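Asks: The sequence shown begins at 4 in the working numbering and counts up by one.
Just so it is clear, CB atoms sit at the ideal spot from N, CA and C, and this is done for glycine as well.
Here the structure is a predicted model, which means the values were calculated and not measured.
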Amino acid sequence: MREKLKEILRRLCLSPGVSGFEDEVRKEILNIAKDLNVKAEVNVDNLGNLILTIGSAGPSVAIMAHMDEIGIVVRYIDDNGFLGIDAVGGIDVRTIIGKSVMIYGRETTVHGVICVKPIHLLSEDERKKIPDIRSLFVDIGASNKDEASKLVRIGDVGHIVKTFRELTANKEDIISCGALDDRAGCAALLMAASLIREKDLECKLHLVFTVQEEVGARGSRVAAYNLKPDVAIAVDVTHAVGYPDLQPKDFTDVQLGKGTVIEYGPPINWRLARFLMDLAEEKKIRYQASYLRGRTGTDIDEAQIARSGAIASVISIPLRYMHTPVETVSLSDLEATVNLIVEFVRRFNEEVYKELKPR
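Next up, the structure:
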């Protein structure tokens, strides 16, 4: 499974898909599903969510992972052909200055670099400050506004150029790339789909690859409203600690390479969380427990309150350096996530659904 997961991750991460512009990554998800011989009914809704449905009888469960990624948007073109930009989602400005970018332009991909004032020319005050993203510009090599405007327009989006890396000390397990939030979740859903057969199910399973999570979980709201699932589970990433700047006492004790993460707390249905933990222990799937105080920051925030609501949970994949070009995950954690998803949908039926319902 591990080599397949690595290749799926590579294909997904290197596909463009900034929030609201997910066409290319959606096509790649469908290509991968075909390559994996996934047997499912395929639907794309008006917002762009991709839904793979397996099974037709019993209670319904929607398992969601968002396909969109953070990025930049062109807000201004100056007289010299430089592009003023703003953020799409939670961009960490510290990590993008001086980086190469790809902008989805008028006719083709436009390559550029985020301008950086050389350190030799910075004032003392400038050296101490993190610039606002709206003060940054992209250089696409244009000589003037007219030349730049033939390639890009206001509102075009782009992303930091991504490099898929196996980190040397543990190259069989540790992967780094931009957009692992949440292409890692998408990879887990695709791998799970390849292992699930309709004859093994007593439920109707929707695997939902959502759009626009990074700008307000808009896709999951629409998907949950349309699908009306009895149970909804988001598969997303969470902060992994254990490196010099972030220790367990600063957040919670979730670490790379120690298993998938089952979230717990007020926004989560506690019966479902405990069911997942018991199932993981029964099947000897490595997991870590984490807590959520309020909003989860995932698709489940919207999905669980659509229509009359859904029994909801979050399964997380540990990730270092979130919302940077060097997000980092462990393939062994991803394997555990796949196994938990597969075992849950094989176990979920009308009897389990009744046990999970509030009473």
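1) Any idea if Gln-307 is buried or exposed, counting beta-carbon neighbours within 10 angstroms, 16 or more meaning buried?
2) Should Asn-52 and Gly-222 be called a contact, given that it needs their Cβ atoms to be closer than 8 Å?
3) Can you check which of these residues, Leu-279, Ile-57 and Asn-34, is closest to Glu-205 by C-alpha distance?
4) Between the alpha carbons of Glu-72 and Ser-152, how many angstroms are there, rounded?
5) How would you write the range of the alpha helix (DSSP H) that Ser-63 sits in, first residue to last?
6) Which first and last residues belong to the beta strand (DSSP E) in which Asp-239 is found?
7) Would you report the Cα separation of Glu-285 and Ile-318, rounded to the nearest angstrom?
8) With a threshold of 6 Å on Cβ separation, who are the neighbours of Glu-217 within its own chain once the five nearest residues in sequence on each side are excluded?
9) Leaving out the 5 sequence neighbours to the left and right, which residues in its chain are closer than 6 Å to Glu-305 when beta-carbon positions are compared?
10) For Ile-117, name the three-state secondary structure that DSSP assigns.
11) Measuring only the C-alpha atoms, how far is Val-141 from Ile-106?
12) For Val-164, which of helix, strand or coil comes out of DSSP?
13) Please state if the CB of Ala-313 and the CB of Asp-185 are separated by a distance shorter than 8 Å.
14) Give me, in chain order, the residues of the same chain whose beta-carbon lies closer than 6 Å to that of His-209; leave out the 5 immediate sequence neighbours on both sides.
15) Should Phe-212 and Arg-29 be called a contact, given that it needs their Cβ atoms to be closer than 8 Å?
16) Between Tyr-294 and Glu-266, what straight-line distance do the alpha-carbon atoms span, to the nearest angstrom?
17) Contact check, Ala-339 vs Arg-289 under 8 Å by CB: the rounded distance?
18) From this set, Leu-279, Leu-359 and Leu-322, which residue's C-alpha is nearest Asn-364's C-alpha?
19) Which whole-angstrom value is the C-beta distance of Val-96 and Pro-121, which I expect to be below 8 Å?
20) Taking its Cβ as the centre, do 16 or more other Cβ atoms sit within 10 Å of Gln-250, making it buried, or is it exposed?
21) Rounding to the nearest angstrom, what Cα-Cα distance links Gly-297 and Lys-165 in this structure?
22) Using the Cβ count rule (16 or more neighbours within 10 Å means buried), how would you classify Gly-144?
23) For Arg-323, which residues in the same chain have their Cβ closer than 6 Å to its Cβ, ignoring the five residues on either side in sequence?
24) Classify Ile-136 as helix, strand or coil using the three-state DSSP reduction.
25) Please report how far the alpha carbon of Asp-336 lies from the alpha carbon of Leu-259, in whole angstroms.
26) Roughly how many angstroms separate the alpha carbons of Val-119 and Gly-101, rounded to a whole number?
27) Determine the extent of the alpha helix (DSSP H) in which Val-341 is found, giving its start and end residues.
28) Out of curiosity, what's the CA-to-CA distance linking Lys-174 and Arg-5?
29) Just the C-alpha distance for Leu-8 and Thr-241, rounded to the nearest angstrom, thanks.
30) Determine the closest residue to His-162 out of Ser-63, Ala-309, Glu-25 and Ser-333, with distance taken between C-alpha atoms.
31) Do Pro-62 and Glu-353 have their beta-carbon atoms positioned less than 8 Å apart in this structure?
32) Could you check the C-alpha separation between Pro-321 and Gln-291 for me, to the nearest Å?
33) Name the DSSP bridge partner or partners of Tyr-246?
Replies: So, from the data block:
1) Classification for Gln-307: buried.
2) By the CB criterion at 8 Å, Asn-52 and Gly-222 fall inside the cutoff.
3) For Glu-205, the closest C-alpha among the options Leu-279, Ile-57 and Asn-34 is that of Ile-57.
4) Glu-72 and Ser-152 have their C-alpha atoms some 25 Å from each other.
5) From DSSP, Ser-63 is part of no alpha helix (DSSP H) but of the beta strand (DSSP E) over 63-69.
6) In the DSSP annotation of this structure, the continuous segment of the beta strand (DSSP E) that includes Asp-239 starts and ends at 234-242.
7) A straight line joining the alpha-carbon of Glu-285 with that of Ile-318 spans about 17 Å.
8) Close CB contacts of Glu-217 within its chain, under the 6 Å cut and outside five residues either way in sequence, are with Ser-22, Asp-71, Ile-73 and Gly-92 (chain order).
9) Around Glu-305: Ala-220, Ser-223 and Arg-224.
10) Residue state, collapsed to three classes: strand.
11) For Val-141 and Ile-106, the distance between alpha carbons rounds to 10 Å.
12) In the structure shown, Val-164 falls within a coil segment according to DSSP collapsed to helix, strand and coil.
13) It is not a contact, given that the beta carbons lie outside the stated cut-off.
14) Same-chain partners within the cutoff: Ile-54, Thr-56, Ala-65 and Leu-230.
15) Taking 8 Å as the Cβ cut-off, Phe-212 and Arg-29 qualify as a contacting pair.
16) Approximately 5 Å, taken between the alpha carbons.
17) Contact holds; Cβ gap of about 5 Å.
18) Because residue 364 is not part of the residues shown, which for the chain are 4 to 362, the question remains open.
19) The Cβ separation is near 18 Å, so there is no contact.
20) It counts as exposed.
21) The alpha-carbon atoms of Gly-297 and Lys-165 are separated by roughly 32 Å.
22) Looking at its Cβ environment, which holds fewer than 16 other Cβ atoms inside 10 Å, Gly-144 is exposed.
23) Excluding sequence positions up to five before and after Arg-323, its CB lies within less than 6 Å of the CB of Ala-243 and Thr-331, all in the same chain and listed in chain order.
24) The three-state reading of DSSP puts Ile-136 in helix, counting H, G and I together.
25) Roughly 7 Å between the two C-alpha positions.
26) When rounded, the distance between both Cα atoms is 5 Å.
27) Looking at the DSSP string, the run of the alpha helix (DSSP H) that includes Val-341 is 334-350.
28) C-alpha separation (whole angstroms): 12 Å.
29) Near 19 Å, if we compare the C-alpha coordinates of Thr-241 and Leu-8.
30) It is Glu-25.
31) By the CB criterion at 8 Å, Glu-353 and Pro-62 fall inside the cutoff.
32) In this structure, the CA atom of Pro-321 is about 9 Å from the CA atom of Gln-291.
33) Beta-bridge pairing links Tyr-246 to Leu-249.
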